[in-house]
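**Student:**
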Amino acid sequence: MTFAPPHVPLLASVEAFRPVFMIVMGAFLLLTVWRMTRGTSGWAARCLMGGALLLALGYSVLLPLYQAGVLLPISLVGRIPGDPSVALGWHIVKVVSMNGGWLLFGLGLALHAGIFETEKSPAPVEAPNPSVIHGPVA
Amino acid sequence: MDLLLDVFVKNGFLMDAIGVLGLGLLGLAAVRLSQRYRSWGGSLLVSGSLLLLLGRLLVLLSPHFVTPELKMAMGGTVSEILSIAPMALLTFGLAGVVWGLWGHEQWLRAER
């Protein structure tokens, strides 16, 4: 991790701005999903809300903490003094919340958009024409 | 403890696959939303989820095929771009997904 030189204002560097961006995005995602699913029920709303909660936890809490260096990434465990089991626990929380959050969120939006529903084709179903006689398959 | 270590650290393939699957589902659902229901937020959601999927795949796959020899062959600029690209893709993808979701929510509100 590179540190900005002291004369650069803190918010002007990309490294410093990215966690702020992720915190805002996570909170806004949660707010938008809450507004979308307010007053509705069913599995689509539940999946969307669960996924958004997990993603908000991941994006607004865990990833900024990792970037700030409060939580140790699992790849540095041997090199920096620290409790490896704590690092492992936070790693598991991060992996579950990010990946499971995207899965739940995608599943909820898929249910909302109805991609698992088959629907009747608007074209009428025609019976096969009996006058056409198929020859034997060579 | 050993099982946890196995599943989450040594071969995180399962969890990574779950995340990529979710992103794919998100993209499919967004395509459906923008195509059938003519929701303008859906198109933004599609682009955002595609960017996210691309960035995630780059993050997951680049340790497997970017070797020092390949870096030398590509030259400094290209390998620098390749190393920055996943972060930029993930950032813009997140922004696209959130903005698209907001747009879709506005569209839902206008439909009701």
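Protein sequence lines, in the order shown, are assigned to chains H and Z.
At position 136 of the first sequence (counting the first as 1) the number is 135 in numbering that gives the first Met the number 0, and the numbers step up by one without a gap.
At position 58 of the second sequence (counting the first as 1) the number is 57 in numbering that gives the first Met the number 0, and the numbers step up by one without a gap.
Glycine is no exception: its CB is placed at the ideal position from the N, C-alpha and C atoms.
From which residue to which residue does the alpha helix (DSSP H) around Z/R31 run?
**Tutor:** F12 to R35
**Student:** Identify the continuous alpha helix (DSSP H) that holds H/Y65 and give its terminal residues.
**Tutor:** L62 to A67
**Student:** Z/W101: buried (16+ other C-beta within 10 angstroms of its C-beta) or exposed?
**Tutor:** buried
**Student:** Please state whether DSSP places Z/T90 in a helix, a strand or coil.
**Tutor:** helix
**Student:** Does DSSP classify H/F115 as helix, strand or coil?
**Tutor:** Assignment of H/F115 by DSSP, reduced to helix, strand and coil, places it in the coil class.
**Student:** Using a 10 Å radius around the Cβ and a threshold of 16 neighbouring Cβ atoms, would you call H/M24 buried or exposed?
**Tutor:** Buried.
**Student:** Looking at C-alpha atoms only, which residue of H/W101, H/S84 and H/V94 is the closest neighbour of Z/G92?
**Tutor:** H/W101
**Student:** Is there a C-beta anywhere in chain Z that falls below 8 Å from the one on H/M0?
**Tutor:** Note that H/M0 scores 49 on pLDDT, short of 50, meaning its location in the model is unreliable and no value can be drawn from it.
**Student:** Determine the direct distance from the alpha carbon of H/L47 to that of H/G88, and round the result to whole angstroms.
**Tutor:** Put simply, the backbone Cα of H/G88 is about 26 Å away from that of H/L47.
**Student:** Which of the three DSSP states is assigned to H/M0 in this structure?
**Tutor:** The predicted model places H/M0 with a pLDDT of 49, which falls under 50 and marks its position as unreliable; any figure quoted below should be read in that light. Looking at H/M0 - three-state DSSP - the assignment turns out to be coil, as it is neither helix nor strand.
**Student:** Given H/P156, which residues of its chain have a CB within under 8 Å of its CB, disregarding the five upstream and five downstream residues?
**Tutor:** There is no way to answer for residue 156 of chain H, as the model of chain H reaches only from 0 to 137.
**Student:** Do H/T31 and Z/E79 come within 8 Å of each other at the CB atom, strictly closer than that value?
**Tutor:** no
**Student:** Just mark Z/R31 as buried or exposed, buried being the case when its beta carbon has 16 or more other beta carbons within 10 Å.
**Tutor:** Around the beta carbon of Z/R31, 16 or more other beta carbons lie within 10 angstroms, which makes this residue buried.
**Student:** Quick one: is Z/V97 buried, meaning 16 or more other Cβ sit within 10 Å of its Cβ, or exposed?
**Tutor:** buried
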